[in-house]
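Read through the structure below, which is laid out as structure tokens, and then see the notes.
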Amino acid sequence: MKSLSDSELAARVAQDIPDGSYVNLGIGKPTHVSGFVPEGREVIYHSENGIIGVGPTPAEGEEDVELIDASKRYITAAPGAAYFEHADSFAMMRGGHIDIAVLGAYQVAENGDIANWATLDDKFPPAVGGAMDLVVGVPTILVMMKHVNRDGSPKLLRSCSYPLTGLQVVSRVYTDLAVLDVTPDGFRLIELMPGNTLDEVQAVTEATIHT
Amino acid sequence: MDKRILDLATAVARIHDGAQIMIGGFGSSGIPFGLIDALLDHGARELTVIANNAGAQETGIAKLLKEERIAKVICSYPRSPGSIWFERRYEAGEIELEVVPQGTLAERIRAAGAGIGGFLTPTAYGTLLAEGKETRVIDGRGYVMEMPLHADFALLRADRGDKWGNLCFHGTARNFNPVMASAAKYSIAEVREISDAPLDPELVVTPGIFVQGVVEYGVRP
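Heads up: the protein sequence lines correspond to chains D and V, in order. All letters in the first sequence, in the order written, are residues 23 to 233 by the working numbering. All letters in the second sequence, in the order written, are residues -19 to 201 by the working numbering.
Dropping the structure here:
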């Protein structure tokens, strides 16, 4: 099997972000999606710590310690940006004003359930952040993750074993092996990443992949 | 009316043991580092801290955790890169943790400041964080009843303030600061600069009615 690199995957997700959309990128790998949106599209990025209109990373020496994104990286404000406080920020998220959110996940189930905030390890303190607010309020939830865990165990499941972040909320999953939609019948194959066959991908997926 | 306070030590002097304290900030921005350091010197213990994060490395809330001043943390994202003191205290069972979804945290604080007795949010419905809470289904959608979150004190960071307590902010440093100002009985803002002239009313983000004390602390860490 052939696995897409993180930046190849980010570039694939970016293809599906339409011109004129308001987008929230989850912390970690999803933040890289903004670097790959095709030229000519204006996409406006929301960061829950209080900015709509996240611009590119500042040049070295130009960083402003009070201008960061939710991943705590230094950012700039793009033309047309606005700052706001937290209650307003989550009104944008919960109130259905953001069009698309791209999130990482531990597990996604075939009915669209997502688990991405806590494991079953008691010693590992849970950290939910804004994930539960995003999944209930944003109409299109895109998940971007590895197809399997490091130990080879599946992440695309019949039902999640980890505590849920949200119920039946995921629209589409992008992995290093395939793109899958969540439908009333379960996962439906949209495309295989180059160099993979359906049989190979199904073999590392607990849930059934419909075609 | 003059809400200016001469120094950080005076600003935190009234904070008592066991107080419930909101602390503004997200990541490294908008954190009242000066007030937190003053609180450490002041010595209050058994504090309940309400904040988004639980500090990182040896700064801010992490210092209060290291010096064992905190009994309970209410926050959305306690674990972050370098949050060693939180992890150490949590693993040793020395602090109580209440994890609240970030939007619910902001809205519970807003509700307290706005005199709302509770509210219904779809966030966390059907998850572990809704367990034991009242729920309702409205137009086919599930909601969780959440209660207001009050505090005795709020420690805030702003860019500029005036003697009436009006505040304005810089960049993404406002985050939880404005909403927390409204929810505490006594809110203290550490500002980069106290303006001698009144702030332009068009540019005030947090009206001074929500702020009880303003202290200048120019260092932007």
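Glycine included, every Cβ here is placed at the ideal spot set by N, Cα and C. Predicted model only: the values in this text are computed from it and were never measured.
Which residues in the same chain as residue i place their Cβ atom closer than 7 angstroms to its Cβ, once the five residues preceding and following it in sequence are excluded?
i       : result
T101(V) : T84, E87, Y123, V124, E126
P187(V) : N146
S69(D)  : V76, D91, A92
Y105(V) : T115, G122, Y123, V124
L31(D)  : M166, Y196, D198
Residue i touches chain D at which residues, Cβ-Cβ below 9 angstroms?
i      : result
R68(V) : Within chain D, no residue comes near R68(V); the closest Cβ sits about 11 angstroms away, beyond 9 angstroms.
V79(V) : W139, A140, P147, P148, A149, V150
E74(V) : Here the premise fails: no neighbours, minimum Cβ distance about 13 angstroms.
By DSSP, does residue i sit in helix, in strand, or in coil?
i        : result
R140(V)  : strand
S9(V)    : strand
F133(V)  : strand
A68(D)   : Note that residue 68(D) is His in the sequence shown, not Ala. Correct three-state label for H68(D): strand.
P158(V)  : helix
G62(D)   : coil
M2(V)    : strand
S175(V)  : coil
K51(D)   : helix
I189(V)  : helix
V(-8)(V) : helix
G57(D)   : helix
I16(V)   : helix
T141(D)  : coil
A123(D)  : strand
T79(D)   : coil
A103(D)  : strand
A109(D)  : helix
R116(D)  : helix
A92(D)   : coil
T98(D)   : strand
Whose Cβ in chain V lies nearer than 7 angstroms to the Cβ of residue i?
i       : result
H108(D) : A86, N155, F156, V159
K94(D)  : G7, S8
P235(D) : A question about residue 235(D) goes unanswered here, because the residues of chain D that appear run from 23 up to 233.
L89(D)  : G151, T152
L214(D) : Near L214(D) there are no residues of chain V at all, since even the closest Cβ is about 32 angstroms away, more than 7 angstroms.
Could you list which residues in chain D have their beta carbon closer than 8 angstroms to that of residue i, in chain order?
i      : result
Y57(V) : A149, V150, G151
Check the Cβ of residue i against every Cβ in chain V and list those closer than 8 angstroms, keeping chain order.
i       : result
Y105(D) : F149, G151, T152, R154
N71(D)  : F6, G7, S9, T152, N155
Given residue i, which residues of its chain have a CB within under 6 angstroms of its CB, disregarding the five upstream and five downstream residues?
i      : result
E84(D) : none
Looking only at its own chain, which residues have a Cβ that is under 8 angstroms from the Cβ of residue i, when we skip the five neighbours before and after it?
i       : result
T152(V) : F6, S9, G10
D207(D) : H232
G98(V)  : A91, M125, E126, M127, P128
V117(V) : Y123
Run down chain D in chain order and give the residues with a C-beta less than 7 angstroms from the C-beta of residue i.
i       : result
T103(V) : R116, M154, D155, V158
R90(V)  : A109
G83(V)  : F112, M115, R116, G152, D155
E71(V)  : K145
Give the interface partners of residue i over in chain V, defined as CB-CB distance under 9 angstroms, in chain order.
i       : result
L189(D) : Y105, G106, T107, G122
Worksheet entry | Any beta strand (DSSP E) of 3 or more consecutive residues that is wholly inside the region 23 to 58 of chain V | Listed in chain order, the beta strand (DSSP E) runs fully inside the region 23 to 58 of chain V are 27 to 30, 50 to 55, counting runs of at least 3 residues.
Worksheet item: Taking the runs of the alpha helix (DSSP H) that are 4 residues or longer, which of them lie wholly in the region 176 to 231 of chain D?
Response: The qualifying runs are 220 to 225.
Item to complete: Please confirm if the region 166 to 183 of chain V is in contact with the region 133 to 150 of chain D, defined as three or more CB-CB distances below 8 angstroms between the two stretches.
Response: Because the criterion of three Cβ pairs below 8 angstroms is not met, the region 166 to 183 of chain V and the region 133 to 150 of chain D do not touch.
Item to complete: Identify every run of the alpha helix (DSSP H) within the region 54 to 131 of chain V, keeping only runs that are complete inside it and at least 4 residues long; order them along the chain.
Response: For the region 54 to 131 of chain V, whole alpha helix (DSSP H) runs of length 4 or above, ordered along the chain, are 64 to 71, 82 to 94.
Practice prompt. At 3 residues or longer, and completely inside the region 144 to 176 of chain D: list those beta strand (DSSP E) runs for me, N to C.
Written response: Every unbroken stretch of the beta strand (DSSP E) spanning 3 or more residues and falling wholly within the region 144 to 176 of chain D is given here in chain order: 162 to 166.
Worksheet entry | Every unbroken beta strand (DSSP E) within the region 24 to 49 of chain D, with a cutoff of 3 residues, ordered by chain | Note on the region 24 to 49 of chain D: whole beta strand (DSSP E) runs with a minimum of 3 residues are 44 to 47, in chain order.
Discussion item. Check whether the region 97 to 109 of chain D and the region 139 to 156 of chain D are in contact - that is, three or more C-beta pairs closer than 8 angstroms.
Written reply: Judged by pairs of C-beta atoms under 8 angstroms, the region 97 to 109 of chain D does not touch the region 139 to 156 of chain D, as fewer than three such pairs exist.
Practice prompt. Kindly confirm or deny that the region 159 to 174 of chain D and the region 118 to 133 of chain D touch, where touching means at least three C-beta pairs closer than 8 angstroms.
Written response: Yes, the region 159 to 174 of chain D touches the region 118 to 133 of chain D.
Worksheet entry | Segment contact flag, the region -17 to -4 of chain V with the region 188 to 198 of chain V, C-beta cutoff 8 angstroms, min 3 pairs | Segment contact: the region -17 to -4 of chain V against the region 188 to 198 of chain V, three or more CB-CB distances shorter than 8 angstroms; contact assigned.
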